[in-house]
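Student: Numbering (the numbering used here), first residue to last: 154 to 521.
Positions of the beta carbon are idealized from the N, C-alpha and C atoms, including for glycine.
Nothing here was measured: the structure is a model prediction, and the numbers come from that model.
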Amino acid sequence: MTTELQEIAITEEKPLLTGQPDPVKEAELAARILLDQGQEHSIETAHGLLHVTLHGSGNTRRPAILTVHDVGLDHKSCFSALFKFEEMQEIVKSFTVVHIDAPGQEEGAAAYPMGYQYPSMDQLAEMIPAVLQYFNFRTVIGVGVGAGSYILSKFTLNSPDSVEGLVLINMDPNARGWMDWAAQKITTLTSSFTEQILSHLFSQEELSASTELLQTHRERISKSPNLYNMELFWKSYNSRRDLNIDRNSTLKCPVMLVVGDQAPHEEAAVECNSKLDPTTTSFLKMADAGGLPQLTQPSKLTEAFKYFIQGMGYMASSCMTRLSRSRTTSLSSSYSLEGSRSRSRTLSQGSQGGQMPPSPSHTMEVSC
Numbered sequence: 154m155t156t157e158l159q160e161i162a163i164t165e166e167k168p169l170l171t172g173q174p175d176p177v178k179e180a181e182l183a184a185r186i187l188l189d190q191g192q193e194h195s196i197e198t199a200h201g202l203l204h205v206t207l208h209g210s211g212n213t214r215r216p217a218i219l220t221v222h223d224v225g226l227d228h229k230s231c232f233s234a235l236f237k238f239e240e241m242q243e244i245v246k247s248f249t250v251v252h253i254d255a256p257g258q259e260e261g262a263a264a265y266p267m268g269y270q271y272p273s274m275d276q277l278a279e280m281i282p283a284v285l286q287y288f289n290f291r292t293v294i295g296v297g298v299g300a301g302s303y304i305l306s307k308f309t310l311n312s313p314d315s316v317e318g319l320v321l322i323n324m325d326p327n328a329r330g331w332m333d334w335a336a337q338k339i340t341t342l343t344s345s346f347t348e349q350i351l352s353h354l355f356s357q358e359e360l361s362a363s364t365e366l367l368q369t370h371r372e373r374i375s376k377s378p379n380l381y382n383m384e385l386f387w388k389s390y391n392s393r394r395d396l397n398i399d400r401n402s403t404l405k406c407p408v409m410l411v412v413g414d415q416a417p418h419e420e421a422a423v424e425c426n427s428k429l430d431p432t433t434t435s436f437l438k439m440a441d442a443g444g445l446p447q448l449t450q451p452s453k454l455t456e457a458f459k460y461f462i463q464g465m466g467y468m469a470s471s472c473m474t475r476l477s478r479s480r481t482t483s484l485s486s487s488y489s490l491e492g493s494r495s496r497s498r499t500l501s502q503g504s505q506g507g508q509m510p511p512s513p514s515h516t517m518e519v520s521c
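If you want it as structure tokens, here you go:
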């Protein structure tokens, strides 16, 4: 009996056969894959369901980075290139990232029935508090593009204590005027819906050059199974109201406005900059950038975003990047005694700055 017990013990001590799966390693791999793909949630709000994707552990000690995409995009096509960019990982691993898809815009969404009443821009902003409550987030740092920038700005005006900072790309705070309305009517008669969306997303230079990125999005939009949903979102955005922001009634948190110098929304972003508090706003105008700088120039936007977060007191131990050093030098040399604001100052990639800048006291337009 003793011999048999010894033989059994020896058999159990034999190593795993070559190629046999290790349960622990398989579990770790599955966890990494899940983390990369994100955890998908459907959140009930007062104005319908929201599809939300969470990346990270859901740690509430820091604000979550919350994104809202533009018309004609979903969170993947709008933000994947930026948040999967190698240099962005230092930021991503330090924060929980939450991507919101506007209703019916997520991949695989079912088409709404004809006549469906899509939420207004104001109602879309009113859906965001349910997301914060669902994940128990106290505050967020918002990152929006186009329509997403408008939605996040409206949410911030409604709930200023819930937002620690905003990165607004292609921001237009104004309602469409009569001239815009007439031009849109003409465009509707002469152009397909796909071309209307492309003209919203891309600059005239990009449309003329017919870039690979443009062709990719043209094919994605034209073949989208939920094109009707996209059209409803587009109509909702075109029916937006003026945000009515000015120096006396403005966004209370730090704001970084971003626009490409060739973007179709450059004038609107410049006007928005003039309405915001210069002591808490920075303006990043990206040279040689079209309508989607987060896709075409993720490196520069990542550097600017890192500096923006550092200015808010997060990631203080992170090394300053080349853009940050350049901007430090520009900031330290651009202030006048009269307090005038610097305009369109070009950053030199070779400039050096060894000190962290003082707290921002002026809005600054930056070409980089």
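1) Would you please state the rounded distance, in angstroms, between the beta carbons of A457 and M409? I believe it to be under 8 Å.
2) Mind pulling the beta strand (DSSP E) runs of 3 or more residues that sit fully within the stretch 242 to 322?
3) Where F236 and P451 are concerned, what is the direct C-alpha to C-alpha distance, given to the nearest angstrom?
4) Between G295 and V316, how many whole angstroms is the CB-CB distance? I'm expecting something under 8 Å.
5) Is it true that the CB of V221 sits closer than 8 Å to the CB of L305?
6) Could you name the residues that DSSP lists as bridge partners for S435?
7) What do you get for A199, buried or exposed, if any count of 16 or more other CB atoms within 10 angstroms of its CB means buried?
8) For L367, which of S392, K438 and L445 has the nearest alpha-carbon?
9) Would P313 and K405 be called neighbours here (beta carbons separated by less than 8 Å)?
10) Whose C-beta lies closer than 8 Å to the C-beta of H418 among residues of the same chain, with five residues either side of it excluded?
11) Nearest to L277 by CA position, among T292, R291 and A255, is which residue?
12) How many Å lie between A421 and R394 at the Cα?
13) Mark V377 as exposed unless 16 or more other C-beta atoms lie within 10 angstroms of its C-beta, in which case mark it buried.
14) Does the beta-carbon of G464 have 16 or more other beta-carbons within 10 angstroms, so that it is buried, or is it exposed?
15) Beta-carbon separation of E260 and K229 under 8 Å?
Tutor: Per the coordinate set shown:
1) 7 Å
2) 250 to 254, 293 to 298 and 316 to 322
3) 9 Å
4) 6 Å
5) yes
6) M409
7) exposed
8) L445
9) yes
10) G299, N323, M324, D325, V412 and G444
11) A255
12) 14 Å
13) For the sequence presented, residue 377 should be read as Ser rather than Val. The residue in question, S377, is buried, as its Cβ has 16 or more Cβ neighbours within 10 Å.
14) buried
15) yes
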